[in-house]
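*Asks:* Residue numbers (UniProt numbering), protein chains in the order written: chain A, 1 to 1002; chain B, 1 to 101. All C-beta atoms, glycine included, are put in the ideal place defined by N, C-alpha and C. First the structure, then my questions, so here it is.
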Ligand SMILES: [Zn+2]
């Protein structure tokens, strides 16, 4: 039956541009201007999917964003595949490849349809009631099976090959929606000269005007008027027009998220263009002109392919010249059904009957229908339908004055249209946290009071008559411009509109059908397969709040967020509980309005651009040497420098021994650095750090410990006093921003009287650590103006001068326990100096080492790393740094907290060393420690391993640990239970090499 | 994303700022004179009101300065922002409508 449903004339498709596309591998034809749905309908295809739970055959229901059924996967290859797109919104292009979802092995024969026969076993809440025990089975059995059987589309099998961009924009007036209200609003706002952005999710501006057959505005057919209005807007420099752009989210302070689809509609894509563009628009004022959504009617078997919304059928016929069927039954609750019947009749569709739920139909539209000879039956309901893959009959029955339903008459048809009335689209208004009010006359929620600076216009606030909509839009656009500070007012303008007014009659709830409810599936939510019976069951089981009923039945929880179903669900609950709709509440409208790609949110932040990468001036040299790198916060740090054939273990052992026996060179440039300067610098340091600074001489270094106000160690680092009023502070690599923020906080808000300046200098200095017994011999020939002799430059002192002609702050400091220096030079010259030192070290076999060796060397000496030995609950004394706390100081950050009894209570975890009884065994960092491995589970734990390495110089494994009352346990045997067996360990002092520190002097 | 008015730079998007907790909690001049209870209250007890909240922000990606703000915790609208060290303005919730409606 392919191809026979395209009308010979009319519609907005471009018949000069025929297109080919495939759906489930079958080839079809359409035209430019078609959607996938309109092209399929023109080809006579209504069956497009299987339902979520029962796998029932499903057809196209709507013509827009509210589509619950026609979800398709689109894309010729996996890297360009997008699942779960609404066929009603997919623009056709030549070569488009689409497939149906949730069916196996094929759409017309689907094994999962057995669920439909088992439907009595799958009531509301079935999953909650059934898959409860045993808990383990949920992840291993139930969930995978349920996911396989009940699903939406499949995830693409390849990484997204497309590009997405992000854009910020500002305007005075943002108009969302370009139907009659939106166009009129944009015209008014544009005229005042303020910046206006008009966006619409469709490829063409005009909204409902594009589907009008008879409507006339200012003497022009509605669609022509829309085109003229757009042309007028295009001439203005202050207007930005965005088609294919969905306003998906209303964020605080009038930030609106727009998703613009840039290339999806193109058969051949311009590689210079992104697939989608995220617009973050900050608007002074917003006009929401989002229109209304037609409600379906809930009646038995209302989900067969061929059952669709009346206005959607009208849109297919009028806008796309695609006839949705040959013979239609219209089921209506207002005059809108008559309007659709008349338009379809004009397109050559036989109207078998109009079933009107109302006892009488007296308006102009029913009169025209009767005059056209259409069989109009008032007080009539539809009690069911027949047909396997397409509707073939509708069963019409009279509603008697007592409310009972009479005998049904079978009316043959291939199309059933539902016109349940209009639901204003209040999604964006509601996202803006505006308050909705119930309008009893309209049987609808409409915007009542605003929170953000926005206003709704037209059908989205319950104004439906075309002339009134245009006037409302113009009024709102003009008011928005004025509120946004427009200095000129929009001229008063009226619109002469002539259109068939369908009024505002409608119905919410489930239509009466008189059948045994146990065997009548009247769908409320097509996408989640929720029936009227499910919702009634929920109320019988005691649910009262619509939020609970929603979650229990899953109504409104699908990707369409209940656009077509929420009001009918409310009506059914209201009827079942004999409670007014307003007392039942309303579920929350959440963003996004329609599903939005992950790509548009990620933008360029993927792959190499996912996070900023920081590299040191020596990075390139290390890369050339074949270093392995590790991530430390945002930094790339050389982890180790493997020689040919070496694994990490071998490389680290070699690097460690080189430092201990001769000399090593290490890139410490990532150390955080803060210059603390000013007359009160020493006083400031005194207050920020535990140590005493006042008496630290110029040219001397000190190891500083920083606490939070709660008394716990937050950072540490070596600090040099370069002048009376100048400190060179170093911090941990990851802690630099945190330390500077904390310093700024105290300086600005607690002690603004202190005259101190803080400057981050982390990236100004390259830091080259030269460590080992031969370190002095390597550096001595290179420096000028600096005496490196032990007497002139003892351990923990600093000198300024030049090295290789480059100015330097040269520190004698050691994080290895060996004689050591840290050469600070301007970052730009870091690599030059590094290479000079490396060359000068060649006679001593100078060995570059990475962070792993640095860690091992410091652990051999028992030097802690903040964040490894500490976890935010360690005091200085806990980690053996009690000596660094200035006891005589009256105050410093954290001092008062250290005086709390619990901070010195016995049983606190303390830093100790651990030696495994088997020297080859290297403990796992993070492993728990127990005193009695035979204790019943859960065993009382006494501590955990914080650092653990194989030490080449000690010739065995070593570990640091935090153990309760650890210092009193030295010599004891403790146990580390691991999956492979319990490992006995001996508690030791946390220093494994050169405990007297004799090697610091080389 | 909120718009926050830095008293020194003007209105800027939220992503330029870092939140800094409740405002007007001064560090005691001499913590050693406080009891454990008093010190604990200074460290940990915060008002967490439903409604206007005086709080600290830092324009960390701008001028770098700390300042104070009065924000309605229900609506997320700001009634006022003011420099650190100045007293809380005498503003009631009606002032909040300035930012929204
Ligand atoms: Zn600022």
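State yes or no: is the C-beta of residue 499 of chain A within less than 8 Å of the C-beta of residue 470 of chain A?
*Replies:* The residue labelled residue 499 of chain A in the question sits at position 499 within the first chain. The residue labelled residue 470 of chain A in the question sits at position 470 within the first chain. It is not a contact, given that the beta carbons lie outside the stated cut-off.
*Asks:* Would the C-beta of residue 85 of chain B count as close to ligand 1, meaning under 7 Å from any of its heavy atoms?
*Replies:* Numbered from its first residue, the second chain carries residue 85 of chain B at position 85. Incorrect: residue 85 of chain B has no Cβ contact closer than 7 Å to ligand 1.
*Asks:* In chain B, which residues lie with their C-beta within 8 Å of the C-beta of residue 251 of chain A?
*Replies:* Looking up residue 251 of chain A in the first chain gives position 251. The contacting residues are 1.
*Asks:* Can a CB atom of chain B be found closer than 8 Å to the CB of residue 895 of chain A?
*Replies:* Reading the first chain from its first residue, position 895 is the one you call residue 895 of chain A. Interface residue, yes.
*Asks:* Please report the residue range of the beta strand (DSSP E) in which residue 68 of chain B lies.
*Replies:* The count along the second chain starts at 1 and reaches residue 68 of chain B at position 68. 66-72 is the extent of the beta strand (DSSP E) around residue 68 of chain B.
*Asks:* What do you reckon, is the C-beta of residue 62 of chain B under 7 Å from a heavy atom of ligand 1?
*Replies:* Residue 62 of chain B sits at position 62 when you count from the first residue of the second chain. Yes, since a heavy atom of ligand 1 falls inside the 7 Å radius drawn around the Cβ of residue 62 of chain B.
*Asks:* Pull up the distance between the alpha-carbon of residue 984 of chain A and that of residue 916 of chain A, whole angstroms please.
*Replies:* Within the first chain, residue 984 of chain A is the residue found at index 984, counting from 1. Within the first chain, residue 916 of chain A is the residue found at index 916, counting from 1. If I take the Cα positions, the gap works out to 6 Å.
*Asks:* Please classify residue 764 of chain A as buried or exposed, where buried requires at least 16 other C-beta atoms within 10 Å of its C-beta.
*Replies:* Residue numbering aside, residue 764 of chain A sits at position 764 when the first chain is read from its first letter. Classification of residue 764 of chain A: exposed, given that the 10 Å Cβ count is below 16.
*Asks:* How about residue 949 of chain A and residue 856 of chain A: are their beta carbons less than 8 Å apart?
*Replies:* Residue numbering aside, residue 949 of chain A sits at position 949 when the first chain is read from its first letter. Residue numbering aside, residue 856 of chain A sits at position 856 when the first chain is read from its first letter. It is a contact, given that the beta carbons lie within the stated cut-off.
*Asks:* Contact check, residue 676 of chain A vs residue 729 of chain A under 8 Å by CB: the rounded distance?
*Replies:* Position 676 of the first chain, counting from 1, holds the residue named residue 676 of chain A. Position 729 of the first chain, counting from 1, holds the residue named residue 729 of chain A. Between residue 729 of chain A and residue 676 of chain A the Cβ distance is about 6 Å, and since that is below 8 Å, they are a contact.
*Asks:* Please tell me whether residue 172 of chain A has its Cβ less than 8 Å away from any Cβ of chain B.
*Replies:* What you label residue 172 of chain A is simply residue 172 of the first chain in a count that begins at 1. No, no contact with chain B.
*Asks:* Along chain E, which residues have their Cβ under 8 Å away from the Cβ of residue 43 of chain B?
*Replies:* As a matter of chain content, chain E is missing from the structure shown, whose protein chains are A and B.
*Asks:* Which value, in whole angstroms, describes the spacing of the CA atoms of residue 196 of chain A and residue 474 of chain A?
*Replies:* The residue labelled residue 196 of chain A in the question sits at position 196 within the first chain. The residue labelled residue 474 of chain A in the question sits at position 474 within the first chain. Distance between the alpha carbons of residue 196 of chain A and residue 474 of chain A is about 14 Å.
*Asks:* So residue 754 of chain A packs on residue 684 of chain A, CB below 8 Å; how close in whole Å?
*Replies:* Residue 754 of chain A sits at position 754 when you count from the first residue of the first chain. Residue 684 of chain A sits at position 684 when you count from the first residue of the first chain. Contact holds; Cβ gap of about 5 Å.
*Asks:* Measure from the alpha carbon of residue 15 of chain A to the alpha carbon of each residue in A:4, A:29, A:21, then state which is nearest.
*Replies:* If you number the first chain from 1, residue 15 of chain A lands on position 15. The candidate whose alpha carbon is nearest that of residue 15 of chain A is A:29.
*Asks:* Would residue 397 of chain A pass as a contact of residue 514 of chain A if the rule is Cβ separation under 8 Å?
*Replies:* Position 397 of the first chain, counted from the first residue, corresponds to residue 397 of chain A. Position 514 of the first chain, counted from the first residue, corresponds to residue 514 of chain A. Yes, these two residues count as a Cβ contact at 8 Å.
*Asks:* Please classify residue 536 of chain A: is it buried, with 16 or more other beta-carbons within 10 angstroms of its beta-carbon, or exposed?
*Replies:* In the first chain, residue 536 of chain A corresponds to position 536, counting from 1. Result: buried.
*Asks:* Can you give me the start and stop residues for the beta strand (DSSP E) that residue 78 of chain B sits inside?
*Replies:* Looking up residue 78 of chain B in the second chain gives position 78. Here the beta strand (DSSP E) through residue 78 of chain B covers 78-83.
*Asks:* In three-state terms, what does DSSP make of residue 431 of chain A?
*Replies:* Mapped onto the first chain, residue 431 of chain A falls at position 431. Residue 431 of chain A: helix per DSSP, three-state reduction.
*Asks:* Give a single yes or no on whether residue 656 of chain A has its beta carbon closer than 7 Å to a heavy atom of ligand 1.
*Replies:* Sequence index remark: in the first chain, residue 656 of chain A carries index 656 (1-based). Result no, Cβ not under 7 Å from ligand 1.
*Asks:* Nearest-angstrom Cα distance between residue 975 of chain A and residue 668 of chain A?
*Replies:* Here residue 975 of chain A refers to the residue found at position 975 of the first chain. Here residue 668 of chain A refers to the residue found at position 668 of the first chain. Their Cα atoms are separated by approximately 36 Å.
*Asks:* Given a cut-off of 8 Å on the beta-carbon distance, is the pair residue 326 of chain A and residue 385 of chain A in contact?
*Replies:* Residue 326 of chain A sits at position 326 when you count from the first residue of the first chain. Residue 385 of chain A sits at position 385 when you count from the first residue of the first chain. Cβ distance not < 8 Å, so residue 326 of chain A and residue 385 of chain A don't count as in contact.
*Asks:* Compare the C-alpha of residue 978 of chain A against each of A:953, A:190, A:925 and name the closest.
*Replies:* Locating residue 978 of chain A in the first chain gives position 978, where the first residue counts as 1. Nearest option by C-alpha distance: A:925.
*Asks:* Using a Cβ cut-off of 8 Å, pull out every chain A residue sitting near residue 31 of chain B, in sequence order please.
*Replies:* Walking along the second chain from the start, residue 31 of chain B turns up at place 31. Here the neighbours are 891, 895, 896.
*Asks:* Kindly indicate if chain B contains any beta-carbon less than 8 Å away from that of residue 750 of chain A.
*Replies:* For the purposes of this step, residue 750 of chain A is identified with residue 750 of the first chain, where counting begins at 1. Yes, contact with chain B.
*Asks:* List, in order along the chain, the chain B residues whose C-beta lies closer than 8 Å to that of residue 744 of chain A?
*Replies:* Stepping through the first chain from its first residue, residue 744 of chain A is reached at position 744. Going along chain B in sequence order, the residues near residue 744 of chain A (Cβ under 8 Å) are 58, 64, 66.
*Asks:* Could you pull the start and end residues of the alpha helix (DSSP H) that residue 295 of chain A belongs to?
*Replies:* For the purposes of this step, residue 295 of chain A is taken as residue 295 along the first chain, with counting starting at 1. Here residue 295 of chain A belongs to no alpha helix (DSSP H), and DSSP marks it neither H nor E.
*Asks:* Along chain A, in chain order, which residues have C-beta atoms closer than 9 Å to that of residue 84 of chain B?
*Replies:* Residue numbering aside, residue 84 of chain B sits at position 84 when the second chain is read from its first letter. Those are 748, 749, 752, listed as they occur along chain A.
*Asks:* On the DSSP bridge list, what partners appear for residue 377 of chain A?
*Replies:* Here residue 377 of chain A is taken as the residue at index 377 of the first chain, counted from 1. Answer by DSSP bridge pairing, in chain order: A:355.
*Asks:* State the beta-bridge partners of residue 975 of chain A as determined by DSSP.
*Replies:* In the first chain, counting from the first residue as 1, residue 975 of chain A sits at position 975. Paired residues: A:930, A:984.
*Asks:* By how many angstroms is the C-alpha of residue 421 of chain A removed from the C-alpha of residue 365 of chain A?
*Replies:* Against the first chain, residue 365 of chain A aligns to sequence position 365. Against the first chain, residue 421 of chain A aligns to sequence position 421. The straight-line gap from Cα to Cα measures roughly 15 Å.
*Asks:* For the region 244-275 of chain A, enumerate the residues whose C-beta is nearer than 7 Å to any C-beta of chain B, in chain order.
*Replies:* Hits within the stretch, in order: 251, 252, 253, 255.
*Asks:* Would you call the CB atoms of residue 88 of chain B and residue 47 of chain B closer than 8 Å?
*Replies:* To locate residue 88 of chain B, count along the second chain from 1; it is residue 88. To locate residue 47 of chain B, count along the second chain from 1; it is residue 47. No, Cβ-Cβ distance for residue 88 of chain B and residue 47 of chain B is not below 8 Å.
*Asks:* I need the straight-line Cα distance from residue 355 of chain A to residue 490 of chain A, nearest angstrom please.
*Replies:* Here the question's residue 355 of chain A lines up with position 355 in the first chain. Here the question's residue 490 of chain A lines up with position 490 in the first chain. Each residue's Cα considered, the two are about 46 Å apart.
*Asks:* Does the region 650-670 of chain A come close enough to the region 737-752 of chain A to have 3 or more Cβ pairs within less than 8 Å?
*Replies:* Taking 8 Å as the limit for Cβ pairs, the verdict is that the region 737-752 of chain A does not touch the region 650-670 of chain A.
*Asks:* Would you give the residue range spanned by the beta strand (DSSP E) that residue 98 of chain A belongs to?
*Replies:* Along the first chain, read from residue 1 onward, the residue named residue 98 of chain A stands at position 98. 96-100 is the extent of the beta strand (DSSP E) around residue 98 of chain A.
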